[in-house]
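To start, the structure under review is shown below, and the notes come after it.
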């Protein structure tokens, strides 16, 4: 009870709230196991009204289990959930919704073919007169909810024309139409850019003062610190602590420590990066890209070099062309114009096979696009090298197992065995298997698209360290991330993209978060204009930027 | 003993095997003739044609496609072979050419589905009607009799080994064995699973998914043609309307056998047992003296029950609820593609 009191005094002294706080939800000894695996072990903590409560931990720490129990998807083996003063028993999602608990899931369950209003009323019973749908009322109530959120969005607009952030907001609006007391946001920002995140946070703060309580689940610790009033950390299904963060000044390293216990630290990554940064060889690039264009993907005049053992960062907003560039290089969508020189030989990517043959590896943006969920870890690990493991088409199972064991060992995948289904692994471990799959082919160029997205801090750090380790052994990497900090942490050089072009290059001491964010914002503003004049500005700036980059390199002929 | 039971239920085919045992026990107790060796051999023989086709259809469905044209292809191979033989061609040549015709049907299906991107349900429905029409025209819509065509006709289906084993059963066992080898031991089989399980991932891993699908369409049509010739040689006749409905029987067998209609999941063992279940039920209902008109109703109900038992066993094996298992097997598991495409849409 004493902690509760201190929380209250702190809250009032910091002037965060006008109304008195009370306990909204109280978890007491929550325990849940799945077939012998403890997902939650005796977890107890509480969440107050008028707060944004962070819930963090590695994948498999028990966050999603706790969320699902709160939402009535699972029932706990033991323990109790006290909601608003009385014990809550949720047997199915409907029960939780009736109590006023809404969950906004990571995967956006949204119908592309419907309008904003229709999506908002997809789950709550839409307004109707008899059997007829009352569209006017539906639009009116949607507009009212959106206004309450402070979002300028026409309810009659088709969702297919909304941005990722708007979709996320629509889901929150959906939760609020039902008068939710508690809204649980599960990785709500994982697909949003920095601007979109701050838009979302503005809305959350507004709603908090209006009396809605939020649980914010995220792997992005900076965001958690920026938005949450208190933060609860889980590890291995156990409660670690609830930290006060009313001033939003908690340090990332402190949180990381709590989450991981012990593991790879940022220092270790910096060391790994330093080890490769010094001995760089610019004289013969591994890959030279000259005037690459891809009309359908909107890539225009891309020119850059990639040195052996270099980690090249690729920054830019969603839709700037980063993913498209990687897919073009790998052969998913062949380039329409331009020249590629790989290890001194011309290279024409036509299908992913051509990329693989030339020792490229492409880790795509979403795991869902790469993983064979129903297959065991072994098959997932051997997918790329399978043809080499077979004689006359018959797979050498022992060789395949060796590849998989090697992958599990070197990537430190935690899995019961190589025969476990990929779907049963946590996100971080799935990602490690995918990286291991490509490493089994001993690639010389890694094309990495958001390699650490949606996985926990510990695994993030490990994967970054592994990539730097590979770079030290001469493997080149192109590293795409929305998170500027991550890029700065791993990359020696960063290219900034906007509207399908490379608009800036940062190298050496210019590789800082501030510079990356600045470049992105400058060029985004220009690209957003629709007059032809405004569009021509980044063209000139891009060509000048690429020119400086090539004059920087001594091998320029 | 407990361990043995646990091991049994960890098998992929446990559910369908259980369903088979239950059904066989039912007919065993309710009729006096079901469990005689003669009758069981008969059931196996009856399941052989469907079984041969089911094996190939399993490949196709695991790779994420359908084929509704196998019934027509089945009839085409028999009719075309007999028409060619009647015009004086050597039987072995006639069989070979008939099979090549069938392969072309599969190739056509495969190209239409993968290159023109027409959903296989529609594409193969069209082929089904076109091929059936060709069969009716070529045959003059009357049934044909094989006549005496020598050794090759005996090998293909006419003979009965040691007066016990009809040759179709041998062919079935050969096809099952080869299919099992192909699906579970070779890179091709692996690529079939990968293509159906997650097509984008398969492509990114360097698998030529179009080629895999086309190969499966050709395999399916070939199997249908092969079954057509075995049937011709066994029955010593063929009618132009033969094979209608086989496509649904084959799909039903694979589904009973635990193959996911969405692709990526399934096994040869399961599909084999599935086709056997269909034969057992048809046979058992006849032994029971059921009214022929209600047989289909019983068959439909049993398919439903068998699939539910199968799903329940799979659900408990995976530690999920029945509903979740149904979702996994029958619904598209990854809707990512849709959202991603539209994400890049407004940006460009």
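Chains as they are written, first to last, in the working numbering: chain A, 1 to 557; chain B, 1001 to 1348. Don't be surprised by glycine CBs; every beta carbon is placed ideally from N, CA and C. On a predicted model such as this, the values are computed, not experimentally measured, just so you know.
Could you list which residues in chain A have their beta carbon closer than 7 Å to that of residue 1187 of chain B, in chain order? 386, 387, 390, 393, 395
Continuous beta strand (DSSP E) stretch holding residue 1035 of chain B: start and end: No beta strand (DSSP E) holds residue 1035 of chain B; DSSP gives it neither H nor E.
Determine the contact status of residue 1257 of chain B and residue 1274 of chain B, defining contact as a CB-CB distance below 7 Å. yes
Ordered along the chain, which non-local residues of its own chain (more than five positions away) have a Cβ less than 6 Å from that of residue 361 of chain A? Apart from sequence neighbours up to five positions away, the residues of its chain that approach residue 361 of chain A with a beta-carbon distance below 6 Å are 438, 443, 446, ordered along the chain.
Decide if residue 1276 of chain B is buried, meaning its Cβ has at least 16 other Cβ atoms within 10 Å, or exposed. buried
Could you say which of A:165, A:46, A:41 lies nearest to residue 24 of chain A if we only look at CA atoms? A:46
Rounded straight-line distance, which links the Cα of residue 355 of chain A to that of residue 1012 of chain B: 36 Å
Neighbourhood of residue 114 of chain A by C-beta distance below 8 Å, restricted to the same chain and skipping five residues each side: 122, 158, 159
The beta strand (DSSP E) that contains residue 360 of chain A, what's its start and end? 360-363
For residue 479 of chain A, the first and last residue of its enclosing beta strand (DSSP E): 476-480
In this structure, does DSSP put residue 1004 of chain B in helix, strand or coil? helix
Quick one: grab the DSSP three-state call for residue 2 of chain A. Any reading at residue 2 of chain A must be qualified, since the residue scores a pLDDT of 43, below 50, and its modelled position is unreliable; the value itself is stated next. Correct three-state label for residue 2 of chain A: helix.
Helix, strand or coil: how does DSSP classify residue 273 of chain A here? helix
Using a Cβ-Cβ cutoff of less than 6 Å, which residues in the same chain neighbour residue 7 of chain A once the five nearest sequence positions on both sides are dropped? Residue confidence is low: residue 7 of chain A scores 43 on pLDDT, short of 50, so the model does not pin down where it sits. Its coordinate-derived value is still stated next. Around residue 7 of chain A: no qualifying Cβ.
For the 8 Å Cβ check, are there 3 or more pairs between the segment 1231-1240 of chain B and the segment 1076-1083 of chain B? Segments in contact, yes.
Classification of residue 168 of chain A by the beta-carbon crowding that lies within 10 angstroms, buried from 16 upward: buried
According to DSSP, simplified to helix, strand and coil, what is residue 202 of chain A? helix
Can you check whether the C-beta of residue 1194 of chain B is within less than 7 Å of a C-beta belonging to chain A? yes
Looking at residue 304 of chain A: is its Cβ nearer than 7 Å to the Cβ of residue 1186 of chain B? no
How is the alpha helix (DSSP H) around residue 93 of chain A delimited, first residue to last? 93-99
Minimum Cβ-Cβ distance from residue 353 of chain A to chain B less than 7 Å: yes
What residues in its chain sit with their C-beta under 7 Å from that of residue 533 of chain A, if we drop five residues either side in the sequence? Low per-residue confidence applies at residue 533 of chain A: pLDDT is 37, beneath 50, and the placement is therefore not dependable, though the value from the model is reported in the following sentence. Counting only Cβ-Cβ distances below 7 Å, and skipping sequence neighbours, we find nothing.
Which class does residue 300 of chain A belong to by DSSP, given the choice of helix, strand or coil? strand
For residue 1184 of chain B, would you say it is in contact with chain A, using Cβ-to-Cβ distances shorter than 7 Å as the test? It does not: the Cβ of residue 1184 of chain B has no partner Cβ on chain A nearer than 7 Å.
Counting only beta-carbon atoms, is residue 267 of chain A nearer than 7 Å to chain B? no
Might you give, ordered along the chain, the residues of its own chain that have their beta carbon closer than 8 Å to the beta carbon of residue 1169 of chain B, omitting 5 neighbours on each side? 1041, 1044, 1045, 1048
Looking only at DSSP bridge pairs, what is residue 33 of chain A linked to? Beta-bridge pairing links residue 33 of chain A to A:38.
What is the rounded straight-line gap between the Cα of residue 32 of chain A and the Cα of residue 183 of chain A? 22 Å
Give a yes or no on contact between the segment 1205-1222 of chain B and the segment 1010-1029 of chain B, applying the rule of three or more CB pairs nearer than 8 Å. Contact between the segment 1205-1222 of chain B and the segment 1010-1029 of chain B is not established, with fewer than three Cβ pairs separated by less than 8 Å.
Listing by chain order, which chain B residues have their CB less than 8 Å from the CB of residue 479 of chain A? By Cβ distance, chain B contributes nothing, its closest Cβ being about 18 Å from residue 479 of chain A, past 8 Å.
Sorted by chain position, which residues of the same chain lie with C-beta nearer than 8 Å to residue 1015 of chain B's C-beta, five sequence neighbours on each side aside? 1258, 1309, 1310, 1311, 1312, 1313, 1314
Determine, using beta carbons only, whether residue 374 of chain A comes closer than 7 Å to chain B. yes
Check whether the segment 375-391 of chain A touches the segment 416-434 of chain A, counting contact only when three or more Cβ pairs, one atom from each stretch, lie closer than 8 Å. yes
Residue 371 of chain A: contacting residues in chain B (beta-carbon distance under 8 Å): 1198, 1201
Can residue 231 of chain A and residue 502 of chain A be called in contact, C-beta distance under 7 Å? no
In the DSSP assignment, the beta strand (DSSP E) including residue 86 of chain A goes from what residue to what residue? 86-88
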